[in-house]
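For the sequence shown, our numbering assigns the number 11 to the initial residue and increments by one for each residue that follows.
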Amino acid sequence: FLSDGELWTRQRRLLAPEFRQAEVNRFLPVILDRVERLLGEWASTAPTTPRDITDDMMRLTLWIVGGAMFKSDLDEEAEMIGHDLEVCLRQSTWHIFSGGLLQPWMPTPGNFEARRAAARLERVVRGVVARGRAGELGGDDVLSRLLVARDPETGEGMADQQIVDEVKSLILAGHETTSLTLSWIFYLLARHPAVEQKLFEESSRVLGDGPPRAEHVPALAYTRMVFLEAMRLYPPVPGVPRRALEDDRFHGVDVRAGDTVVAMIYAVHRHPDFWERPDEFRPERFAPERVDAIEPYAYAPFLRGRRACVGEHFAMLEGVTALAMLTRRFHLERVEHAPIGTRAISTLRFARPLRMRVRPR
């Protein structure tokens, strides 16, 4: 995330081939297995017993990322990883929006807590990389491939610290963002039963009674539309910081070289100049015949340009498949009916837990 220049270019060349659209279908068996695992948990839950859906989606996507990236569900570390990522994200948000008043080196309680959390994450990831170096993973996961990958232009591989940093980025980007989108979708479906019914009808028609196959995913068109529209209303990353390279003036505001400028994706996604009735949940905006009319930079949940998210195809495969499987088998209803509110800590979270009852269809 934070590398730049030639280092970023080299890392991108090594990582990008793993996430091309033609490559990500190899992760489908892992996705199916982990979703079935969660479905089993839901099936054993009494219909009157509420579940924390945000927690369920966090665990599900961590299982998927762990299995696909380095053949580990990270079960023992899941709770710690979730907690420590939140601590680090919260503190980094304070750093960004403090206007330089809060620096990471300052001896504040929040900085101390974030350093401890970052150190724990580093130890977990180094353990995973060490298992990969020892040949304990199996060869087809992303980490095993990164360990032997060579830059086609320089012939160089990644140093251990670079691999550790990439794995941390994969854990964060691969589970945090997709889990939040799935959680927001279930929140939205509880408020829009007609959309949920269309999802159920599509998943039942396309999937039947069997597990999804790679050829099913393109046919889940409405499911994809729901996923894209949820990311418009609730982009997992609501704002992206960028460093100004030179002095500039923007809408009457002086920007100096080196200043941090935050591009507010959340605001653009709800701007009436780009979207009709922007605060409404309308999956039809992303119907195949309408997508080309959307302004390219008016919709950027995966960012745009050379820094666009390398895992977009994986995230869409994971999210669309999981959503179809879950809604085919279960109807979810909220315990509380008031608006839940948002809490932005680098990612866009709920202000309080999303508690829902899961009812078999």
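Note that the Cβ used here is the ideal one computed from N, Cα and C, for glycine as well.
Non-local C-beta neighbours of Val34 in its own chain, meaning closer than 6 Å and more than five positions away in sequence, comprise His323, Phe324 and Leu327, ordered along the chain.
In this structure the stretch 154-163 does not lie against the stretch 110-129, because fewer than three pairs of beta carbons, one per stretch, are closer than 8 Å. In the structure shown, the three-state DSSP call for Arg30 is coil. Residue ranges of uninterrupted alpha helix (DSSP H) with 4 or more members, entirely inside the stretch 155-210 and ordered along the chain, are 170-181 and 187-201.
Scanning its chain for C-beta atoms nearer than 6 Å, with the 5 sequence neighbours on each side dropped, one finds around Asp258 the residues Val265, in chain order. Membership of Ala354 in the beta strand (DSSP E) is indicated by the continuous run Thr352 to Ile355. In this chain, the beta strand (DSSP E) harbouring Pro370 covers Arg365 to Pro370.
Under the three-state reduction of DSSP, Gly120 is assigned to helix. Secondary structure of Glu343 (DSSP, three-state): strand. In the structure shown, Thr270 adopts extended strand secondary structure according to DSSP, grouped into three states.
Excluding five sequence positions before and after Glu123, the CB atoms of its chain that fall closer than 6 Å to its own CB belong to Val97, given in chain order.
Within the DSSP secondary-structure output, Val301 pairs in no beta bridge. About 5 Å separates the beta carbons of Gly329 and Thr188, which is inside the 8 Å limit, making them a contact pair. Residue state for Gly249 is assigned as strand, using DSSP reduced to three classes.
For Gly165, the closest alpha carbon among the candidates Ala310, Arg23, Pro203 and Arg362 is that of Arg23. In this structure, the CA atom of Arg252 is about 29 Å from the CA atom of Val134.
For the pair of segments examined, the stretch 62-78 was found to touch the stretch 352-366: the number of CB pairs separated by less than 8 Å reaches three. In terms of Cβ geometry, Val247 and Ser356 form a close pair [threshold 9 Å]. Boundaries around Arg69 are those of the alpha helix (DSSP H), Ile63 to Phe80, since no beta strand (DSSP E) includes it. In terms of CA proximity to Ala129, Ile91 leads the group Trp104, Asp150, Ile91 and Thr337. The C-alpha of Ala308 is placed about 36 Å away from the C-alpha of Glu46. Judged by DSSP in its simplified three-state form, Leu358 adopts strand.
Taking C-alpha positions only, Val320 is separated from Leu99 by approximately 20 Å. Just so you know, the alpha carbons of Leu70 and Thr337 end up roughly 15 Å apart. Counting every other CB atom within 10 Å of its CB across the protein chains shown gives His347 a total below 16, marking it as exposed. DSSP, read as helix, strand or coil, puts Pro39 in helix.
Under the DSSP definition of a beta bridge, Asp264 partners with Arg259. Taking the Cα of Leu342 as reference, the smallest distance to any Cα among Trp52, Thr191 and Tyr232 is reached at Trp52. In the displayed model, Pro60 falls within a strand according to three-state DSSP. The C-alpha of Ala229 lies about 48 Å from the C-alpha of Ala267. One alpha carbon belongs to Ala318, the other to Gly145, and they sit about 32 Å apart. Of all alpha-carbon atoms in Glu294, Ala277, Lys208 and Pro282, the one lying nearest the alpha-carbon of Ala310 is that of Ala277. Listed in chain order, the non-local C-beta contacts of Glu305 below 7 Å within the same chain comprise Phe284, local neighbours out to five positions each way being set aside.
For His226, there is no enclosing alpha helix (DSSP H), as DSSP marks it with neither H nor E. Residue range Ile275 to His279 is occupied by the alpha helix (DSSP H) that includes Ala277.
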